[in-house]
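S.K.: Numbered per mature numbering (1 follows the signal peptide of the UniProt record, and there is no 0), the sequence shown spans residues -27 to -1, 1 to 300.
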Amino acid sequence: MHTKFLWPYLALFILLSLLVVSFSAQARNTTQEYWIAAEKTDWNYAPSGGNLINPENGLGVYGNTLVYTKYRYIGYTDNSYSQPIPQPEWMGILGPTIRAVVGDIIKVHFLNNTDLPLSIHPHGVMYNKDNEGADGGAGGNIPPGGRYTYTWVVDRDAGPGPDDPSSIVWLYHSHVMAEHEINLGLIGTIIITAANKARSSRGPVPRDIDQEFIALYMIFNEENDEESGLKHTINGRIFGNLTGFETTFGQRVRWHLIALGNEVDNHTAHWHGQTVLDRGHRTDVIEIMPASMRSVDMIPRSPGNWLFHCHVNDHMMAGMSTRWIVK
Ligand SMILES: [Cu+2]
């Protein structure tokens, strides 16, 4: 019984256990904090004033009116809500992207700077009734001028499943009168990265990916179903007016595709020049329906100025197209 020889090993074992426990506890307690205001703004569906896909065709009836009042989620640097966080041009009308890693806590400090009661209702993450942002909980109806801090838990069930890529997309939107507020433009996304696939807790992006894009396919209804007011958009822009989907040859690119809206919002997102990998399957068209959330990967193989558009005939005609550029 040479117990005295065991003591150093036992001490080392205890020390290592403590390190593992404290490390994993730390990893699970990262809080991702966001300051998001809802604001009323003018929105131009085609800032160039023209059809950038087929200039000779013009904008048709969809060009009759281009600027409408929208409500948007705007991200700020802190609780003074004075410094908006700039977004890439390709994000269009989308609210700020909330990012977290499985194990994190998300805190969203919401300020309703509009004239309507609003909320933020997340998909995917775990919440209790007061943090649902809908349906009667404390965060379900924030009056004009009101503030609320939502706390969401990014548990295992909010992260990528066994067949998913290393990050997946969830929607968030206002949910007092959801159908009305979604059409107003109160839409954003949450991207959750798997725990062991993130670059770091401060930058919760997947390390096996170089670039992530988000594309919302949605028909905004501006004029009570009048055709001229049915704006067939990608991220809130029509006829190629969404710019900035730019990448370089050989980059590892992930596309997070979402749709929202009505029964006409059945979209087939199609890339020219490239295929995508969808959970092990190759395709160049991804079908999305209202509230669909899909994440697919590509490594661009051909430099070019390529179309990225909805493949539904009526939607193509109505301007649900833009370009993605491979340099
Ligand atoms: Cu479509």
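Positions of the beta carbon are idealized from the N, C-alpha and C atoms, including for glycine.
How many whole angstroms separate the CB atoms of His94 and Tyr145, which I take to be in contact at a CB cut-off of 8 Å?
M.R.: As a first step, residue 94 is located in the sequence shown; it is residue number 121 there, counting from the start. As a first step, residue 145 is located in the sequence shown; it is residue number 172 there, counting from the start. The pair is a contact, with the Cβ atoms about 6 Å apart (cut-off 8 Å).
S.K.: Just to confirm the assignment, what range does the beta strand (DSSP E) spanning Ile164 have?
M.R.: Residue 164 sits at position 191 when you count from the first residue of the sequence shown. Note, Ile164: beta strand (DSSP E), 160 to 166.
S.K.: Determine the direct distance from the alpha carbon of Ile155 to that of Val285, and round the result to whole angstroms.
M.R.: Taking the first residue of the sequence shown as position 1, residue 285 is located at position 312. Taking the first residue of the sequence shown as position 1, residue 155 is located at position 182. C-alpha separation (whole angstroms): 22 Å.
S.K.: With 16 as the cutoff for other CB atoms within 10 Å, does Thr87 come out buried or exposed?
M.R.: Counted from its first residue, the sequence shown places residue 87 at position 114. Classification of Thr87: buried, given that the 10 Å Cβ count is 16 or more.
S.K.: Go ahead and pull the three-state DSSP assignment for Asn85.
M.R.: Translated into the one-based positions of the sequence shown, residue 85 becomes position 112. Reduced to three states, the DSSP call for Asn85 is strand.
S.K.: Can you tell me whether Pro117 is buried or exposed, with buried defined as 16 or more other CB within 10 angstroms of its CB?
M.R.: Here residue 117 refers to the residue found at position 144 when the sequence shown is read from its first residue. With fewer than 16 Cβ atoms within 10 Å of its Cβ, Pro117 is classed as exposed.
S.K.: Under 7 Å from any heavy atom of ligand 1, does the C-beta of Tyr190 make it?
M.R.: As a working note, residue 190 is residue 217 in the sequence shown. Yes, since a heavy atom of ligand 1 falls inside the 7 Å radius drawn around the Cβ of Tyr190.
S.K.: Counting pairs of beta carbons, one from the region 220 to 237 and one from the region 255 to 269, are three or more of them closer than 8 Å?
M.R.: Yes, the region 220 to 237 is in contact with the region 255 to 269.
S.K.: I need the DSSP call for Ala131, collapsed to helix, strand or coil.
M.R.: Against the sequence shown, residue 131 aligns to sequence position 158. Note: Ala131 maps to helix in three-state DSSP.
S.K.: Which of the three DSSP states, helix, strand or coil, is assigned to Glu12?
M.R.: Sequence index remark: in the sequence shown, residue 12 carries index 39 (1-based). Three-state DSSP puts Glu12 in a strand.
S.K.: What are the boundary residues of the beta strand (DSSP E) that Ala73 is part of?
M.R.: Taking the first residue of the sequence shown as position 1, residue 73 is located at position 100. Start and end: 71 to 74.
S.K.: Check whether the region 268 to 284 touches the region 196 to 203, counting contact only when three or more Cβ pairs, one atom from each stretch, lie closer than 8 Å.
M.R.: At 8 Å Cβ cutoff, the stretches do not touch.
S.K.: Measuring only the C-alpha atoms, how far is Phe212 from Asn194?
M.R.: Here residue 212 refers to the residue found at position 239 of the sequence shown. Here residue 194 refers to the residue found at position 221 of the sequence shown. Cα-Cα distance, rounded: 16 Å.
S.K.: Assuming Arg129 and Val178 form a contact by the criterion Cβ under 8 Å, report the distance between their Cβ atoms to the nearest whole angstrom.
M.R.: Taking the first residue of the sequence shown as position 1, residue 129 is located at position 156. Taking the first residue of the sequence shown as position 1, residue 178 is located at position 205. With 8 Å as the limit, Arg129 and Val178 do not qualify as a contact, their Cβ atoms being about 19 Å apart.
S.K.: Ignoring anything shorter than 3 residues, give me the beta strand (DSSP E) runs that lie fully in the region 194 to 267, in order along the chain.
M.R.: For the region 194 to 267, whole beta strand (DSSP E) runs of length 3 or above, ordered along the chain, are 203 to 207, 226 to 232, 240 to 244, 249 to 251, 254 to 256, 258 to 261.
S.K.: Going by the beta-carbon positions, is the gap between Gly110 and Asn104 smaller than 8 Å?
M.R.: If you number the sequence shown from 1, residue 110 lands on position 137. If you number the sequence shown from 1, residue 104 lands on position 131. Yes, Cβ-Cβ distance for Gly110 and Asn104 is below 8 Å.
S.K.: Let me know the secondary structure DSSP gives residue 301 once reduced to three states.
M.R.: Examination of residue 301 is not possible in this model, given that the chain is present from -27 through 300 alone.
S.K.: To which residues of the same chain is Asp183 closer than 6 Å at the C-beta, ignoring the five residues directly before and after it?
M.R.: Looking up residue 183 in the sequence shown gives position 210. Closer than 6 Å at Cβ, skipping near neighbours: Gln224, Arg225.
S.K.: Can you tell me which of the three DSSP states Gly65 falls into?
M.R.: The residue you call residue 65 lines up with position 92 of the sequence shown. Here Gly65 sits in coil by DSSP.
S.K.: One question on the structure: do Val237 and Ile192 come within less than 8 Å of each other, judged by their Cβ atoms?
M.R.: Start at 1 with the first residue of the sequence shown, and residue 237 comes out as number 264. Start at 1 with the first residue of the sequence shown, and residue 192 comes out as number 219. Yes. Within cutoff.
S.K.: Taking C-alpha atoms, which residue in Gln247, Ser55, Met266 lies nearest to Ile272?
M.R.: Locating residue 272 in the sequence shown gives position 299, counting from the first residue. Of Gln247, Ser55, Met266, the residue nearest in Cα terms is Gln247.
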